[in-house]
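See structure below.
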Amino acid sequence: MKSTLGCAPCSSELAHPRRYSAKVRPLVDIFRCVTPAVVFGAACLFAGCSGPAPEPAAAQPAPQSAASKPAPEQAAAATPYQLVASIREVMNSVIDPNIDVVWNAVRTVIDHGKSIEYAPANDEEWAAARRSAVTVIEGANLLMMPGRSVAPAGAGSLSPGVELAPEEVRALIDSNRAGWNQFARSLQDRVKVALAAIDKKDKDALFEAGDGIDEVCEACHQVYWYPGPAATGPKR
Amino acid sequence: MKMKTFLGVLVLGAFGAAKPGFAHHAFAAEYDATEPLTLTGVVVTVDWSNPHSYIHLDTKEKNGEVKHWMIEIAAPSQLLRHGLRKVDFTDGMTATVKAYQAKTDPTLANGRLLELKDGRSFYIGSVGGPNDGAETQAHPFLQ
Chain W
0 MKSTLGCAPC SSELAHPRRY SAKVRPLVDI FRCVTPAVVF GAACLFAGCS
50 GPAPEPAAAQ PAPQSAASKP APEQAAAATP YQLVASIREV MNSVIDPNID
100 VVWNAVRTVI DHGKSIEYAP ANDEEWAAAR RSAVTVIEGA NLLMMPGRSV
150 APAGAGSLSP GVELAPEEVR ALIDSNRAGW NQFARSLQDR VKVALAAIDK
200 KDKDALFEAG DGIDEVCEAC HQVYWYPGPA ATGPKR
Chain U
-3 MKMKTFLGVL VLGAFGAAKP GFAHHAFAAE YDATEPLTLT GVVVTVDWSN
47 PHSYIHLDTK EKNGEVKHWM IEIAAPSQLL RHGLRKVDFT DGMTATVKAY
97 QAKTDPTLAN GRLLELKDGR SFYIGSVGGP NDGAETQAHP FLQ
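Below, the structure is given as C-alpha cells:
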C-alpha cells in the first residue's frame, strides 16, 4: 500500500517491514518522516548545553506573559487537575499492568500437545477484565494531558543507545502533539473494542481485540520510544 | 475440589510467572542480535497469548543436563498469518528454533524460525526483530 504522504523514503513497502494495518500505517508514515529531523534537532540543541537538560516539571504550567499571568487561584481553576506522575510512570503503573490483564484474560496454553483454554469463567472474572479495560481507556487520557513530564526528574533512557532519552521523547511529542494524541486515541479505540467484547462476554472477540491493541502499542513505541532501525542480524 | 482449585491456581501462577514483566520493549534492549542460537529440543509448553507467545523448549546440554528455554515469539495472529497453528504443537514433539540470546537471562531467547521434523518451517519472529532474512527462509507447507 503506497503512502499518501509523498515522503519518498517512507512511501515504499520497504519502509513497513512490520506490516501495520491501513489505520495505523499513516501515523507511522508521518513520524518516520519527521523523526530523523526532530531527533537531529534535539541532539544539536542538547549538544550545546553544558549539563544534562532538566526534566520538565510534571505540574509546570505553560509559560505566559506577565500581563496575562493569572493569579494562582485562577490558574488552579483553569487546570484543576494535578500532574504528579510522568508518562513513564503512567505507562508502568496504569497502562502496562492493566493491559496485561486484558491480554491475559484469554489465552491458550498448549501443554504437551494438549490445549488448555483460559478465559473469564464467571461474572467476577469478566468484571476484573472490564475494570482493567476501563482503566487503560481512561489512562490514555492521562497520557494526553499537556505538561506531563516524560520521565521522573533526572531519569535517563532505560536502555541508552536503543531507547530514546526522555529529552528526545519530549522533543518528538512537542514536535507534533496532535500525532501523540492520535496514538493515545487509537489506543482508546482499540481497547474500546475489547471492552465491547467483555460486555458481550465474547472471549474470541476479546482475544482478537488484543491483537489490535498490540499493533497500536508497538506502532507508538516505534515512533516515540525506540524509533531506530531494526538491528541487522548476523548472516547464518 | 479445594485441592483441585489450589493446583489450578498453582499451575496458572506458574505460567503467569513465566512471562516477562514488561509487555513491550525494544528488541535490542533485551536481546543480542550478534548472538544467534540454534536450539533443538522437546517442546514442553506453548503459551499462545498476546502480545507475545512463548515456546518452552527443553534442550539437552553436552553434559547431559536438560536446559529449559523460554523463547519469545510473535503474537498469535502473526503466527497464524505465517501458517503456524496451535494443532502443530503435539505431545513430545521435537523442534529446532533459530533464535537470539537474551542479554541478561541465559535461558531466555527471541525466536525467529521454527523448524519441525516433517520439514515445515515457520517464521515466528516478533515485531521489531533484526532484518536477518528469517522470514524468507520459512517453508510452512509440506514439500
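Line by line, the protein sequences are chains W and U.
Position 35 (the first sequence) corresponds to 34 in this note's numbering; numbering is contiguous.
Position 37 (the second sequence) corresponds to 33 in this note's numbering; numbering is contiguous.
Built from N, CA and C at the ideal position, the CB exists for glycine as well.
Because the structure is a prediction, the values reported are computed rather than measured.
Item: Is it true that the region 121 to 132 of chain U meets the region 79 to 92 of chain U, where meeting means three or more beta-carbon pairs spaced less than 8 angstroms apart?; Value: no
Item: Rounded to whole angstroms, how far is the Cβ of V101 of chain W from the Cβ of S131 of chain W, which I believe are closer than 8 angstroms?; Value: 5 angstroms
Item: Hey, could you find the ends of the beta strand (DSSP E) E31 of chain U is sitting in?; Value: Y27 to W44
Item: So, V83 of chain W versus G138 of chain W, is the Cβ gap smaller than 9 angstroms?; Value: no
Item: Taking only heavy atoms of the ligand MG into account, decide whether any of them is closer than 8 angstroms to the Cβ of A91 of chain U.; Value: Absence of the ligand MG from the depicted structure is noted, as is the absence of any ligand whatsoever, leaving it without description.
Item: Could you give the distance in angstroms between the alpha-carbon of E54 of chain W and the alpha-carbon of R169 of chain W?; Value: No answer about E54 of chain W holds up, because its pLDDT of 39 lies below 50 and its placement is not dependable.
Item: Name the chain W residues that come within less than 9 angstroms of K82 of chain U, Cβ to Cβ?; Value: T107, I109 and S114
Item: Name the one or two DSSP bridge partners that Q97 of chain U has.; Value: U:A105
Item: Since D213 of chain W meets chain U, which of its residues come closer than 7 angstroms, beta carbon to beta carbon?; Value: N46, P47 and A71
Item: Using a Cβ-Cβ distance under 9 angstroms, would W102 of chain W count as near chain U?; Value: yes
Item: Please work out which residues of its chain come closer than 6 angstroms, Cβ to Cβ, to E57 of chain U, disregarding the five sequence neighbours upstream and downstream, and give them in chain order.; Value: K63
Item: Smallest Cα separation from G129 of chain U: which of U:V42, U:H21, U:E68 and U:A29?; Value: U:A29
Item: Taking its Cβ as the centre, do 16 or more other Cβ atoms sit within 10 Å of M0 of chain W, making it buried, or is it exposed?; Value: Note that M0 of chain W has pLDDT 33, beneath the 50 cutoff, so the model's placement of it is unreliable and the number below is only indicative. So M0 of chain W counts as exposed.
Item: Spatial neighbours of A164 of chain W within its chain, please: C-beta separation below 8 angstroms, excluding the five flanking residues on both sides.; Value: G155 and S156
Item: Answer with buried or exposed for Y80 of chain W, where buried requires no fewer than 16 other C-beta atoms within 10 angstroms of its C-beta.; Value: exposed
Item: Would you mind telling me which residues of chain W sit closer than 8 angstroms to T132 of chain U, beta carbon to beta carbon, in chain order?; Value: Per Cβ cutoff of 8 angstroms: no residues; T132 of chain U is ~12 angstroms from chain W at best.
Item: Can you check DSSP and say which residues form a bridge with K56 of chain U?; Value: U:V62
Item: Buried or exposed, going by whether 16 or more other CB atoms sit within 10 Å of the CB of I115 of chain W?; Value: exposed
Item: What number of angstroms, rounded off, separates the C-alpha of V222 of chain W from the C-alpha of F182 of chain W?; Value: 10 angstroms
Item: Quick one: what does DSSP say D87 of chain U is sitting in, helix, strand or coil?; Value: coil
Item: Only counting the same chain, and skipping five residues up and downstream in sequence, which positions put a Cβ closer than 7 angstroms to that of E111 of chain U?; Value: A91, T92 and S117
Item: Between I69 of chain U and L75 of chain U, how many whole angstroms is the CB-CB distance? I'm expecting something under 8 angstroms.; Value: 7 angstroms
Item: Examine chain U for any beta-carbon lying closer than 9 angstroms to the beta-carbon of W179 of chain W, and answer yes or no.; Value: no
Item: Following the continuous beta strand (DSSP E) through V149 of chain W, name the residue where it begins and the one where it ends.; Value: It is not in any beta strand (DSSP E) - V149 of chain W carries neither H nor E in the DSSP assignment.
Item: Is the Cβ of A25 of chain U closer than 9 angstroms to any Cβ of chain W?; Value: yes
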